[in-house]
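To start, the structure under review is shown below, and the notes come after it.
2 protein chains.
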Amino acid sequence: MRITKKNIFNQVLEYLRKEIILGNYLKGEYLVEVNLAKELNVSRGPVREAIAKLEAENLVEKHSNGRTVVKGFDVKDIQDLYDSRILLENHALTQISSDELKENENLLFLYIDQMKEAHEKGKRDIEIDLAFHGLLVKMTKNNTLTQLWLSLRELFRTLIDITSEVTVSNQKEIIAQHVRIVDSLSDGEVKEAQHLLKAHLEEACKYCCEGIMINKRGEKHVTGKN
Amino acid sequence: MRITKKNIFNQVLEYLRKEIILGNYLKGEYLVEVNLAKELNVSRGPVREAIAKLEAENLVEKHSNGRTVVKGFDVKDIQDLYDSRILLENHALTQISSDELKENENLLFLYIDQMKEAHEKGKRDIEIDLAFHGLLVKMTKNNTLTQLWLSLRELFRTLIDITSEVTVSNQKEIIAQHVRIVDSLSDGEVKEAQHLLKAHLEEACKYCCEGIMINKRGEKHVTGKN
DNA sequence: TTAATGTAAACTGTTAACATTTCAGAATAT
DNA sequence: ATATTCTGAAATGTTAACAGTTTACATTAA
Chain G
294 MRITKKNIFN QVLEYLRKEI ILGNYLKGEY LVEVNLAKEL NVSRGPVREA
344 IAKLEAENLV EKHSNGRTVV KGFDVKDIQD LYDSRILLEN HALTQISSDE
394 LKENENLLFL YIDQMKEAHE KGKRDIEIDL AFHGLLVKMT KNNTLTQLWL
444 SLRELFRTLI DITSEVTVSN QKEIIAQHVR IVDSLSDGEV KEAQHLLKAH
494 LEEACKYCCE GIMINKRGEK HVTGKN
Chain S
294 MRITKKNIFN QVLEYLRKEI ILGNYLKGEY LVEVNLAKEL NVSRGPVREA
344 IAKLEAENLV EKHSNGRTVV KGFDVKDIQD LYDSRILLEN HALTQISSDE
394 LKENENLLFL YIDQMKEAHE KGKRDIEIDL AFHGLLVKMT KNNTLTQLWL
444 SLRELFRTLI DITSEVTVSN QKEIIAQHVR IVDSLSDGEV KEAQHLLKAH
494 LEEACKYCCE GIMINKRGEK HVTGKN
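In the order they appear, the protein sequences are chains G and S. Note that my numbering has the first sequence beginning at 294, numbered continuously upward. Note that my numbering has the second sequence beginning at 294, numbered continuously upward.
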């Protein structure tokens, strides 16, 4: 990996997150700060910070003796992630006040327009997609709910990033689904919006699993030796 | 605060978490690594780590310039926390297989017995209480759901710890509610279990809000000056 | 007076070194 | 042979110093 001088911690984090998801670090493998620091030509500080974040993302586990072991990542984990995201976002839909919706409707449609724009250029704009879904949660005004959603955000960003070659094709349908969700919400049809959102995310999950399978390195359980 | 030689990072974290919740650091106030390090007689490393965790707990916010500002904590935040916990745990109840339940029923009742034991000694065992609720979530086998719940755990531990003088009185009722929840689950009455769990946590929330109000320092909005 | 510019202090990001704990294997005793 | 104790290596926890950026404020120009 090429590490530039600034924001070292973030670069290390993104590198490790991607490698674990892709299976280049295997379940049971130890992450040793000194070794990683040497490999990546950085000091232990940023590596330590990155590992702490990976722990919060459930990709590694810190033992009581301080050592860090990779938890691995497979299709089941993707499904768990999407299941939980469906739970959070569908709950969010029930908690949005009509005032709050009115205030943010324009922004929701702006995001939709920006996705259309990107799609016309043959691109997929992950950030805007996540901003759209994030706004649905933010509109609840529930700080904890928002925080929980945000704690999954980077993981989804990486997942979508890795699998974008699979998902870029059905961008048009994704955008249409976003429109339908907002329309249902505006009409006060919360149940309908929930149904649409669930289907939307389940489809995304399906494509994501496919995309990961394609890119993932072959599984092989490693018994924990450094 | 007295800082002992080992596990400095954790001590700093718990100190800061408690202080922010109690309102001894106010909304808008800056957390400066160098100052905190001097105040607590430790180096910046552990302080940095602690601040990163506080950020994940939504108690502070890191600006793009790197500076850390306290987000504050009030009754609304407690309600958000409990609302989200109800969401996670009630969803968990729907996802527990009967096999999984059979396997863990004994452990659930063990926790209940341990709470009874503590109660007979006039104590309240926070850890066991949290272990009980945590097991409900773990039984879903959904890694993400479990992780989300765990990310709230320390915050709840601190909250319950601060407010334990209020909640220790109704320990007996809390234990009885735990029993009823497990019984409903065992009978396959998931809806009933959800209803009981929701009421259980809403009551806990109420007592927690009371307890915090008693212990909290008077609010005063500080405009962000170091 | 207001805006622009320069500068020292304050603060974070990063690195490197020191301290302590944990681990693995050799040496010893039973 | 098996168990136990010792010892050095390896890894984490912590500290301290360095580098770069941002902030705050004084100075200058319009």
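Positions of the beta carbon are idealized from the N, C-alpha and C atoms, including for glycine.
Shortest alpha-carbon distance to residue i belongs to which of the options?
i, options, result
"residue 323 (chain S)", "S:430, S:305, S:365, S:307", "S:365"
"residue 424 (chain S)", "S:414, S:314, S:447", "S:447"
"residue 422 (chain G)", "G:301, G:453, G:507, G:444", "G:453"
"residue 361 (chain S)", "S:343, S:315, S:392", "S:343"
"residue 475 (chain S)", "S:426, S:326, S:508, S:509", "S:426"
"residue 398 (chain G)", "G:490, G:480, G:304, G:496", "G:480"
"residue 465 (chain S)", "S:408, S:490, S:304, S:377", "S:408"
"residue 387 (chain S)", "S:486, S:497, S:498, S:493", "S:486"
"residue 321 (chain G)", "G:445, G:363, G:328, G:348", "G:363"
"residue 457 (chain G)", "G:442, G:441, G:502", "G:502"
"residue 328 (chain G)", "G:439, G:349, G:305", "G:305"
"residue 401 (chain G)", "G:461, G:359, G:473", "G:473"
"residue 499 (chain G)", "G:462, G:382, G:375", "G:375"
"residue 491 (chain G)", "G:416, G:345, G:383, G:369", "G:383"
"residue 332 (chain G)", "G:308, G:471, G:300, G:507", "G:308"
"residue 301 (chain G)", "G:411, G:369, G:461, G:335", "G:335"
"residue 497 (chain G)", "G:416, G:507, G:461", "G:461"
"residue 319 (chain G)", "G:356, G:443, G:355, G:367", "G:367"
"residue 493 (chain G)", "G:414, G:471, G:396", "G:471"
"residue 369 (chain S)", "G:434, G:443, G:417", "G:434"
"residue 455 (chain G)", "G:415, G:507, G:482", "G:507"
Compute the distance between the beta-carbons of residue i and residue j, then report whether it is under 8 angstroms.
i, j, result
"residue 385 (chain G)", "residue 459 (chain G)", "no"
"residue 371 (chain G)", "residue 505 (chain G)", "yes"
"residue 432 (chain G)", "residue 389 (chain G)", "yes"
"residue 394 (chain S)", "residue 478 (chain S)", "yes"
"residue 484 (chain G)", "residue 315 (chain G)", "no"
"residue 450 (chain S)", "residue 419 (chain S)", "yes"
"residue 351 (chain G)", "residue 436 (chain S)", "yes"
"residue 347 (chain S)", "residue 340 (chain S)", "no"
"residue 345 (chain S)", "residue 345 (chain G)", "yes"
Going by DSSP, which residues form a beta bridge with residue i?
i, result
"residue 318 (chain S)", "The partner list for residue 318 (chain S) (beta bridge, DSSP) is empty, contrary to what the question assumes."
"residue 324 (chain G)", "G:361"
Please report the Cβ distance between residue i and residue j, rounded to the nearest whole angstrom; I am assuming they are in contact, meaning their Cβ atoms lie under 8 angstroms.
i, j, result
"residue 326 (chain G)", "residue 337 (chain G)", "5 angstroms"
"residue 428 (chain S)", "residue 378 (chain S)", "Actually they do not touch by this definition, with Cβ atoms about 14 angstroms apart."
"residue 489 (chain G)", "residue 441 (chain S)", "Not confirmed; about 23 angstroms, so no contact."
"residue 438 (chain G)", "residue 392 (chain S)", "So it is not a contact: roughly 31 angstroms between Cβ atoms."
"residue 411 (chain S)", "residue 349 (chain G)", "Not confirmed; about 30 angstroms, so no contact."
4-residue-minimum alpha helix (DSSP H) runs that sit fully inside the stretch 394-455 of chain S, ordered along the chain: 419-431, 436-455
Length-filtered (3 minimum) beta strand (DSSP E) runs lying within the stretch 328-398 of chain S: 353-355, 361-363
Length at least 4, wholly inside the stretch 450-502 of chain S: the alpha helix (DSSP H) runs in chain order: 457-460, 464-479
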